[in-house]
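Counting along the sequence shown from 1, when you hit position 153 you're at 155 in the working numbering, and nothing is skipped either side.
Backbone N, C-alpha and C define an ideal beta-carbon position, used for all residues, glycine too.
Remember, predicted model here, so these are calculated numbers, not experimental data.
Data block below; observations after.
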Amino acid sequence: MSESDVQKKENQSNDEIDIFEFCSRMWNAFVKFVIGIKDFIVSVIIFLIRKSLWIAAFAIIGALIGYAWYGLSKPYYSSFLEGNTGGLDNSVVIDHVNKLNLLTGKPTLLANFLNITEEEAKSVQSVKAFYGIDLNKDGKPDFIDFKEIYNPKDTNQLRVPSFIYLKVGVFDENILPSLRNGLFRYINSNTYIKELYRIDRDQKKQLIAEIESEIRKIDSLQRSQFRKGFKTDNLQMVFMGNEPEIKLFHEEVLDLYARKQRLERDRDISDEIIVVMQDFTPLSQEENPVLHYILIFGIVMAVLGLFCSLLWQYRNTIWRLIREDSSKK
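Here's what the structure looks like:
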């Protein structure tokens, strides 16, 4: 074996040793990292166990405060109505309704706008209208934007232009029927909305008449072609090969009929500006249940208990640092 071959084998062996050593160091570092995380979690658990009496005591006090706060506060309930504005742009109606939310807490003004009693207006906690959001571009809402997270720059989100969702918060569920009637009176009394609705109805009526006229024209053209075809000399068609082609319009007629029926359905389904698809239900959801207060106050007080336990544990050190700082001044 030549000297160059021996040197090549030695270099190859050294490379293999370097790779093995690198992998070994990486594995050891990973093991130390995992052990460090484990030790940290264990130390945190031990620390919390040592401070568990403080944390538990303050958490119980917080839960009692939350329960007392719930007893002093007035619970309210939420319910929503789903409607369809048809050919009317729902943004106009939604903006109009959302102006009412500024009047909640002002029962006299709210009662005048909704034509309800002042006592009923005092039971209204909130009134808001929301959009339905379409995610798959099928024209149907996939979720209701109650959290108002719609981003106009996101092309995957589209507001459905005909659906509207009225959400109300009330302290007394018994006022929902009266509140519903008041909301619809408020919407129907808007002159601009009424004029848009009238124009939409007139346009539907004109479009239906135009579609009926087009159907009659197509039917007349179809009959005319059939008559011409039957009057043609059969012998002339055979020998000259100039048989006229008769065009059928079945698909066009059916499409027009389907469009006419959709317009008639939208026109006749209701005389109201908003067609109610799902009404307010008295089986609404309580928005501020007792568990809500207990959890919030309990968690806040538990954190405060942990902080107080640290202050108590290091009280001597803290006082010493304060005295040293005061003596320097």
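Grab me the residues of residue i's own chain with a C-beta within less than 7 Å of its C-beta, minus the 5 sequence neighbours each way, in chain order.
| i | result |
| --- | --- |
| Glu-326 | none |
| Ile-125 | A quick correction: the sequence has Ser, not Ile, at residue 125. Here the set comprises Val-172, Phe-173, Asp-174, Ile-177. |
| Gln-159 | Ile-135, Leu-137, Tyr-152, Asn-153 |
| Asp-235 | With a pLDDT of 47 at Asp-235, under the threshold of 50, the predicted position of this residue should be treated as unreliable, though the coordinate-derived value follows. For Asp-235, where only same-chain residues beyond five positions count, there are no Cβ hits under 7 Å. |
| Leu-258 | Ile-213, Glu-216, Ile-217 |
| Tyr-316 | none |
Just to confirm, is the Cβ distance from residue i to residue j under 8 Å?
| i | j | result |
| --- | --- | --- |
| Gly-85 | Asp-202 | no |
| Lys-268 | Lys-206 | Looking at the sequence itself, residue 268 is Asp, so the reference to Lys does not match. Yes. |
| Gln-127 | Gly-171 | yes |
| Leu-83 | Phe-309 | no |
| Pro-163 | Asp-91 | yes |
| Phe-60 | Gly-307 | yes |
| Glu-334 | Thr-110 | No answer is possible for residue 334: it lies beyond the span of the chain, which begins at 3 and ends at 331. |
| Val-129 | Thr-157 | no |
| Asn-117 | Arg-200 | no |
Just checking my contact of residue i with residue j at CB under 8 Å: how many whole Å lie between their CB atoms?
| i | j | result |
| --- | --- | --- |
| Leu-168 | Ala-131 | 5 Å |
| Arg-261 | Ile-213 | 6 Å |
| Pro-143 | Phe-115 | That belief does not hold up - the Cβ atoms of Pro-143 and Phe-115 are roughly 28 Å apart, past 8 Å. |
| Ile-210 | Thr-87 | Contact doesn't hold; Cβ gap of about 19 Å is too wide. |
| Ile-67 | Phe-299 | 5 Å |
| Val-302 | Gly-64 | 6 Å |
For residue i, collect the residues of the same chain with a Cβ closer than 8 Å to its Cβ; drop the 5 residues on either side in sequence, then sort them by chain order.
| i | result |
| --- | --- |
| Glu-2 | Within the shown structure, residues of the chain are numbered from 3 to 331, placing residue 2 beyond reach of any answer. |
| Ser-328 | none |
| Val-240 | Only weak support exists for where Val-240 lies, its pLDDT of 44 falling under 50; the coordinates are left without a value. |
| Tyr-69 | Val-292, Tyr-295, Ile-296 |
| Ala-113 | Thr-119, Glu-120, Glu-122, Ala-123 |
| Glu-266 | Ile-210 |
| Gly-243 | Confidence at Gly-243 is low in this model, with a pLDDT of 49, below 50, so the placement of that residue is unreliable and no value is reported for it. |
| Asn-192 | His-98 |
Looking only at its chain, what residues have a beta carbon closer than 6 Å to the beta carbon of residue i, apart from the 5 residues adjacent to it on each side?
| i | result |
| --- | --- |
| Ser-215 | none |
| Asp-147 | Phe-132, Tyr-133, Ile-135 |
Touching or not, the segment 82-96 and the segment 291-298, by the rule of three or more beta carbon pairs under 8 Å?
Taking a cut-off of 8 Å for Cβ pairs, the segment 82-96 and the segment 291-298 do not touch, as fewer than three such pairs fall below it.
So does the segment 150-159 actually touch the segment 73-81, counting three or more Cβ pairs closer than 8 Å?
Between the segment 150-159 and the segment 73-81 there are fewer than three inter-stretch CB-CB distances shorter than 8 Å, so the stretches are not counted as touching.
Under 8 Å: do the segment 42-55 and the segment 134-141 share three or more Cβ pairs, one atom per stretch?
Two segments are said to touch when three or more pairs of C-beta atoms, one from each, lie closer than 8 Å; by this definition the segment 42-55 does not touch the segment 134-141.
4-residue-minimum alpha helix (DSSP H) runs that sit fully inside the segment 122-195, ordered along the chain:
Entirely contained in the segment 122-195, the alpha helix (DSSP H) runs reaching 4 residues are, in chain order, 178-190.
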